[in-house]
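Report on the following structure.
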Amino acid sequence: MANIFESPEIIGAFICEVEEQLQLLEINISKLKRNDETTETLQELFRAAHTLKGCSASMGFERMEILTREMENVLDRLCNGLLEISKPLVDILFECLDYLKMLKQDFVSNTNSIKTEITPVITKLKEIMTTKAIIEQRNQPIFVLDEKQQELINRALSMDQNVLVCEVEILEDSPMKSTRAYLIMNFFNECGMVISMIPNVLELPIGDDIGNVVFLISTQMSADVLEKKALNELMDVSKVKVFSYFDKSYQCKTDIKEDGLKDKDLLDKNNKSSEKTVEDEKQVLHTVKIDADRLERMRELVGELVIEQIRIAQISSNLYNQYPFDESIDDLVGISNRVSVLINELQDGIMKTRMIPLKQLFCQIPEMVGGLSHLLNKEINLVLEGEEIEIDRTIMEEMSDLLLYLIQNAIDHGIEKPEIRKKLGKPEKGTLRITALPEESNVIITVEDDGAGIDIQEIKMSAIKNQIVTQQEADNMTEQQLINLIFCMDFFTSKKVDTASDREFGMDIVRANIEKMNGIIDVETCVGTGTKFIIKLPIKLPLTLSTLKGLLIKINDEIYALPMSNVVEIVRKPKNEIESVNGQAVAVIRDKTVPLVWLHDYFGIPRGKERENTLIVLLGIAEKRFGLVVDELIGNQEIVVTNLGSYIGKVEGISGATILGNRSVACILDVLGLLDMVNSKRI
Amino acid sequence: MNEVLTDQYVTYELADEKYALKISDVYEIIKMQNITRIPNSNPYLEGVINLRGKIIPVANLHRKFGLPNYTFTKKTRIVVVNSRNEMIGIVVDKVNQVIRFSNIQPPPEKVAGIDGSYFEGIGLTDEGVVSILKIDKVLYE
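Here the protein sequences come in this chain order: C and R. At position 155 of the first sequence the residue is numbered 155 (our numbering), and the sequence of numbers has no breaks. At position 16 of the second sequence the residue is numbered 16 (our numbering), and the sequence of numbers has no breaks.
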């Protein structure tokens, strides 16, 4: 069952599905108990059992699969009228429901140890199948109708049509009987509409030797008229018998209940029961399954809407500036603002369809921490916070492996064994704290332990050994730079501690994944007191790749846009606080030394005259930070990204362009690309 | 060549030299406007402009052909062409007229110092010769 662990999402979906089906079971079994059932009730029960069987089988949840399989068998017989509904049977179904609930509970608390023993109830189910008086099989086949067919019947009744059963016997010596049956079906379709038939003529193999075909049709004609017409017009037919579907002799299920149901009564009853289902459904978890493609299409459309709205807003504000006293334009601006608000809500709504609570990921952590700490003889106090935060499912998927990896490292390399901790004067139980905090459109996830911390000298040696950096380069590095070296190699596993870490993972992959999600990662570590990883990820995926929140800046006279998601901070530094380390200009921002970049030098723009204060936009991606020196800040706004097209092709450091409010065009800077450019080109 | 002779051409000037483009290649001709530079891109790319809400690249053929660069005057225009399903602007010093050529000759190996393979041919008019550009080749090679 190890594979299940890999996807919290699947577990979540499975539990959700099970809950939904259990509720359906409960409602419908209650109906059986109240003698309030219809064909639909039985079919819903059957379907619920069938669904549970299917999904538990695919999860490898054997006990639930066995139990639902047996239930399905019993329900199948009920549907086909081979079993009679009785109190003991309903009781057993209730018992099954209880067992299923217990199984679900077991599964939620610990996937690997399912305690509930299902043998007693299985025995009971088997008993009822064999010993219960099986109703003698009827001569006539029984139509098993699905919802749609039931709906057709209801509709026919409401239009005062007749619902008739037509039994047709095809002549013994008729050639090609299946084709004949097909023609008969066409005949009935001309007289009315064939709702169901036994056997299904459309699925018969050619040349099949059938004798009797029974059709269920809705028609304006009465039974007698149709029977005569059929006898007159159908060829190769020896016998035709037409009677109402609601004939007492034909109703298999209703005879258990009140006798002598007339068509109208049944219609009323159907209406009544459908009212009831509406009522009942209120208790059911309201989840709707939607084809992901359809959602995706809606998402795209909303994306396009957003883009057009941005343009409308731009144009109306231009008009407003041009004609400030025009009332119509005033109105236009008002409407445009209102539409923006609505579109934002729509955008939020559509994004929420993709969001799932972090709980689905967090709920696996205790299990994993428990297992690992036991294996490594460590005592750990686990603190989880913020599991209620919802994030996009794709981001959750991408994140889950790296989060589990960081946790694993914290236990493996971070937290010391109890003896050592005792000697160090720390509490014997180590604390592992995993928190999630929303911050605007991002979530900040921290993994913090109070263990040994990472020895910077060790990183340095390891990096030199792995030829990531030369001794000389390493000597020139700041502490933070040295710490960040862990992202360039498989640092933790290189120590080769015998752990359960069989994952093909490393800090380099952590970094790559975060970079892919346009996130930011920070490490704070101190020998002896612990390590803290801080990850900042977007909560939602961008609605479309074509819009983003941009910060508009000026480099000399040219306007550029920076994605807000990469902007960590904006600071102003006086001239004397900009230092030079090995020829690289640096500034200290929040106790960290960051390199400064003048894009002027790379873009062939003069730097302009030196000012008293330097305006620095601190940019970040994954663990990397740098300060971009800009000449002016213009502000932030939603921008529409346009690809530069194939003639221009890929340009280093630029991801596209956008049209600004004044109709001029600005390039959008790509932070990762800028970094590559800065690193590869020494000016 | 008869077929070619029925085609109409837009003639324009780059640094006093006359050039022509098949009219079917020309999407529209607009006045010169502010061009946003794209740093570190193709050297023959002048930048991008906003053509009624679409961002399109603008090429500099003066640089491509090694001619003295244009100076912005009242007559400077951007000829927007359709090349490989993309709209691309070209800065020209002046747009002259739409004409038919009475005679088109194959291009010599070099046309005013420029590689002859960039040209469809040399069109003859009453006022002199006009070099007809193979626009796809000029822009992409």
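All residues carry an ideal CB built from backbone N, CA and C; glycine is no exception. Quick caveat, the model's predicted, so the values are computed rather than measured.
According to the Cβ coordinates, are C:T614 and C:K575 closer than 8 Å?
As a position in the first sequence, residue 614 of chain C is number 614, starting the count at 1. As a position in the first sequence, residue 575 of chain C is number 575, starting the count at 1. Against a cut-off of 8 Å, the Cβ pair of C:K575 and C:T614 comes out as a contact.
Extent of the continuous alpha helix (DSSP H) run through C:T179
Taking the first residue of the first sequence as position 1, residue 179 of chain C is located at position 179. Unbroken alpha helix (DSSP H) run through C:T179: 177-191.
On the three-state DSSP scale, how would you describe C:F14?
Translated into positions along the first sequence, residue 14 of chain C becomes position 14. C:F14: helix per DSSP, three-state reduction.
Pull up the CB-CB distance for R:V111 and R:E28, whole angstroms please, since I reckon it's below 8 Å.
Within the second sequence, the letter at position 111 stands for residue 111 of chain R. Within the second sequence, the letter at position 28 stands for residue 28 of chain R. About 26 Å separates the two Cβ atoms, so there is no contact after all.
When you compare only the Cα positions, how much space is there between C:E577 and C:V588?
On the first sequence, residue 577 of chain C is found 577 positions in, with the first residue counted as 1. On the first sequence, residue 588 of chain C is found 588 positions in, with the first residue counted as 1. Each residue's alpha carbon lies about 8 Å from the other.
Go through the stretch 313-363 of chain C residue by residue and report every complete run of the beta strand (DSSP E) that reaches 3 residues or more, in order.
355-357
Counting C-beta neighbours from all protein chains within 10 Å, is the total for C:K609 16 or more, i.e. buried, or is it exposed?
Here the question's residue 609 of chain C lines up with position 609 in the first sequence. Exposed.
Starting from C:V640, trace the beta strand (DSSP E) both ways and give me its first and last residue.
Locating residue 640 of chain C in the first sequence gives position 640, counting from the first residue. Segment 632-640, the beta strand (DSSP E) holding C:V640.
For C:L376, does the three-state DSSP call read helix, strand or coil?
For the purposes of this step, residue 376 of chain C is taken as the residue at position 376 of the first sequence. DSSP places C:L376 in coil when its eight states are reduced to three.
Which residues, in chain order, does the stretch 45-56 of chain R contribute to contact with chain C at a C-beta distance below 7 Å?
L45, V48, I49, N50, G53, I55
Secondary structure of C:S580, DSSP reduced to three states
Taking the first residue of the first sequence as 1, we reach residue 580 of chain C at position 580. C:S580: strand per DSSP, three-state reduction.
Starting from R:T11 and walking both ways along the alpha helix (DSSP H), at which residues does that stretch end?
Taking the first residue of the second sequence as 1, we reach residue 11 of chain R at position 11. Counting along the chain, R:T11 falls outside any alpha helix (DSSP H), though it belongs to the beta strand (DSSP E) covering 9-14.
Could you tell me whether the Cβ of C:F603 comes closer than 8 Å to any Cβ of chain R?
Translated into positions along the first sequence, residue 603 of chain C becomes position 603. Taking Cβ atoms only, chain R reaches closer than 8 Å to C:F603, which makes this a yes.
Which residue comes first and which comes last in the alpha helix (DSSP H) that contains C:F603?
Mapped onto the first sequence, residue 603 of chain C falls at position 603. Element bounds for C:F603: 599-603.
Taking 7 Å as the cut-off, is the C-beta of C:I66 nearer than that to any heavy atom in the ligand PLP?
The ligand PLP is absent from the structure shown, which contains no ligands of any kind.
Just to confirm before moving on: does the CB-CB distance between C:V18 and C:L52 stay below 8 Å?
Residue mapping note: residue 18 of chain C aligns to position 18 of the first sequence, counting from 1. Residue mapping note: residue 52 of chain C aligns to position 52 of the first sequence, counting from 1. A contact, by the Cβ cut-off of 8 Å.
Who are R:R77's beta bridge partners in DSSP?
Against the second sequence, residue 77 of chain R aligns to sequence position 77. BP columns for R:R77 point to R:K31, R:V92.
Below 8 Å on the Cβ atoms is my contact criterion, and I expect C:A230 with C:I210 to pass it. Report the Cβ-Cβ distance as a whole number of Å.
The residue labelled residue 230 of chain C in the question sits at position 230 within the first sequence. The residue labelled residue 210 of chain C in the question sits at position 210 within the first sequence. About 17 Å separates the two Cβ atoms, so there is no contact after all.
Would you mind reading off the limits of the beta strand (DSSP E) that contains C:V665?
As a working note, residue 665 of chain C is residue 665 in the first sequence. Per DSSP, C:V665 belongs to the beta strand (DSSP E) from 665-669.
Local Cβ density within 10 Å of R:I23, reported as buried at 16 or more and exposed below that
As a first step, residue 23 of chain R must be located in the second sequence, where it is residue number 23. Per the 10 Å Cβ criterion, exposed.
Continuous beta strand (DSSP E) stretch holding C:N513: start and end
Sequence index remark: in the first sequence, residue 513 of chain C carries index 513 (1-based). First-last for C:N513: 507-516, but that is the alpha helix (DSSP H), not the beta strand (DSSP E).
In this structure, does DSSP put C:M102 in helix, strand or coil?
In the first sequence, residue 102 of chain C corresponds to position 102, counting from 1. Reduced to three states, the DSSP call for C:M102 is helix.
Touching by the beta-carbon criterion (3+ pairs, under 8 Å), the stretch 413-424 of chain C and the stretch 465-472 of chain C:
no
Against chain D, which members of the stretch 75-99 of chain R pass a CB distance test of less than 8 Å?
Among the protein chains of the structure shown, namely C and R, there is no chain D.
Of all Cβ atoms in chain R, is any one closer than 8 Å to the Cβ of C:R311?
For the purposes of this step, residue 311 of chain C is identified with residue 311 of the first sequence, where counting begins at 1. True, the Cβ-Cβ gap to chain R drops below 8 Å.
Quick one: which chain R residues come within Cβ less than 9 Å of C:I648?
As a first step, residue 648 of chain C is located in the first sequence; it is residue number 648 there, counting from the start. Correct list: I38, S41, N42, L45, V48, P57.
Any 3 or more C-beta pairs closer than 8 Å across the stretch 327-341 of chain C and the stretch 362-370 of chain C
no
Tell me which residues share the same chain as C:N582 and place their Cβ nearer than 8 Å to its Cβ, disregarding the 5 neighbours each side in the sequence.
By one-based count along the first sequence, residue 582 of chain C stands at place 582. Closer than 8 Å at Cβ, skipping near neighbours: N476.
Who does C:T593 pair with in a DSSP beta bridge?
In the first sequence, the residue the question calls residue 593 of chain C occupies position 593. DSSP, once it has assigned bridges, lists C:V588 as partnering C:T593.
Based on DSSP bridge pairs, tell me the residues matched to C:A292.
Taking the first sequence and counting its residues from 1, one reaches residue 292 of chain C at position 292. Answer by DSSP bridge pairing: none, since C:A292 is not bridged.
Which residues of the stretch 104-131 of chain R have a Cβ closer than 7 Å to any Cβ of chain C? Give them in chain order.
none
Taking C:I659 as the query, report the chain R residues whose CB atoms sit under 8 Å from its CB, ordered along the chain.
As a first step, residue 659 of chain C is located in the first sequence; it is residue number 659 there, counting from the start. Ordered by position in chain R, the residues that pass the 8 Å Cβ test against C:I659 are N50, G53, I55.
For the candidate residues C:D106, C:N189, C:L382, C:T394, whose alpha-carbon lies nearest to that of C:L358?
By 1-based counting over the first sequence, the position of residue 358 of chain C is 358. Comparing Cα positions, the closest option is C:T394.
Verify the CB distance criterion: does C:I654 have a CB-CB separation below 8 Å to chain R?
Your numbering for residue 654 of chain C matches position 654 in the first sequence. For C:I654, the answer is yes, since a Cβ of chain R falls inside 8 Å of its Cβ.
Boundaries (first-last residue) of the alpha helix (DSSP H) holding C:F143
Locating residue 143 of chain C in the first sequence gives position 143, where the first residue counts as 1. Where C:F143 is concerned, there is no enclosing alpha helix (DSSP H), given that its DSSP letter is neither H nor E.
Is the Cβ of R:N60 closer than 8 Å to any Cβ of chain C?
Your numbering for residue 60 of chain R matches position 60 in the second sequence. No, because no Cβ of chain C sits closer than 8 Å to the Cβ of R:N60.
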